[in-house]
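Notes to accompany the following structure.
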Amino acid sequence: MSDHFTSSDEDLEEVLNLLEVPKNVNYFEEIVPQFTNEQFSTHFRVSRHVSQHLAQRFGASEYYHQEGDSVKVTPLKCILVFLWFAGNEAVSYRDVADRFGISQSTLFKIIRRVINFLSNLSSEVIVWPTDDEKNEIEAWFRNKNFVGVIGAIDGTHIKIDKPAEDPDSYLNRKHFFSVQAQVVCDHKRRIRDIFVGYPGSVHDARVFRTSPLCTSLPNKCGDLYILGDSAYPASNIY
């Protein structure tokens, strides 16, 4: 009988240990400042300088200061929380909240506000090349034996959870649920144009034909070109 109780107690202790959620104590306050610049970029996908610039802009914006619904987290911490969440698709909301020592409800607020802030900021950052920039980009591609090229286009998939409505249309050829994103990048991998929203099952060619870029290409490119794979047949105007 005594051995039975001892065994049961040990089993219970093992179960409780498994259920315990490990926390990162002062991860943002103590661990992150010790990162080298390379480590910081690996963890957050941007440089320290960029994160600090975003935090400054975010802290001065209406998205951080929302009357009657304040988030008692510094602007920089908000930005890093979001960057960690966005860059680690396998982690849960609880994982992110525990890592940064915040509640899940606070995490939801941060994600929503930073997304809205970045979306509003995108028109300043994602811009078509100027004439001078086109010359620089074309020279780089010309050096690679692609004459007259000012960008490269392709589609990518943004992974999402299975939608409640019409899930099959979001199931892409790689067998996961997604939303399509059509992106044009320059020689430095800077995004110059983006079009997002089609379900993952839609072919790249259809996304392109219905995108604003398709009808505006003659004005945007003139006698120059953007490169694409077989989903984008050679043509001057669609």
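Sequence positions in the sequence shown follow the UniProt record's numbering and run 1 to 238. For glycine and all other residues, C-beta sits at the position ideal for the given N, C-alpha and C.
Same chain only: Cβ atoms within 6 Å of residue i, ignoring 5 sequence neighbours per side
i: L76; result: A55
i: G148; result: L224 and Y225
i: G87; result: R45
i: L118; result: none
Limits of the unbroken alpha helix (DSSP H) element including residue i
i: P212; result: P212 to C221
i: Q56; result: R48 to G59
i: N120; result: Q104 to V125
i: A97; result: Y93 to F100
i: F146; result: Counting along the chain, F146 falls outside any alpha helix (DSSP H), and DSSP gives it neither H nor E.
i: Q39; result: N37 to F44
Residue i and residue j closer than 8 Å at C-beta
i: T156; j: V183; result: yes
i: S51; j: I79; result: yes
i: D154; j: D229; result: yes
i: W140; j: H187; result: yes
i: L227; j: A152; result: yes
i: F28; j: F100; result: yes
i: I150; j: V179; result: no
i: S216; j: F195; result: no
i: V91; j: L107; result: no
i: I102; j: V73; result: yes
i: A234; j: A205; result: no
i: R190; j: L121; result: no
Span of the beta strand (DSSP E), counted from its first residue to its last, around residue i
i: residue 241; result: For the chain, the structure presents residues 1 to 238; residue 241 sits outside this window and is missing.
Own chain partners of residue i with C-beta closer than 7 Å, once the 5 adjacent residues on each side are dropped
i: K220; result: W128
i: V125; result: none
i: L171; result: F177, G200 and S201
i: F82; result: I110, I111 and V114
i: G59; result: P75
i: E89; result: K159
Exposure of residue i, with buried meaning 16 or more beta-carbon neighbours within 10 Å
i: G192; result: In the sequence as presented, Gly is not what sits at residue 192; that position holds Arg. When all chains shown are included, R192 counts as buried.
i: residue 247; result: A query on residue 247 cannot be resolved here, the shown segment of the chain reaching from 1 to 238 and no further.
i: Y198; result: buried
i: E138; result: buried
i: F85; result: buried
Contacting residues, own chain, Cβ-Cβ under 8 Å from residue i (five flanking each side not counted)
i: N37; result: S47 and R48
i: N17; result: For N17, the predicted model reports a pLDDT of 49, less than 50, meaning its position is unreliable; a value from the coordinates is still stated below. Nothing listed; no residue qualifies.
i: K134; result: I150 and L224
i: V71; result: Y64, C78, T106, K109, I110 and R113
i: P163; result: Y170 and F177
i: N116; result: Y63
Entirely enclosed beta strand (DSSP E) segments - the UniProt domain "DDE Tnp4" (153-236), minimum 3 residues | 178-185, 191-199 and 225-227
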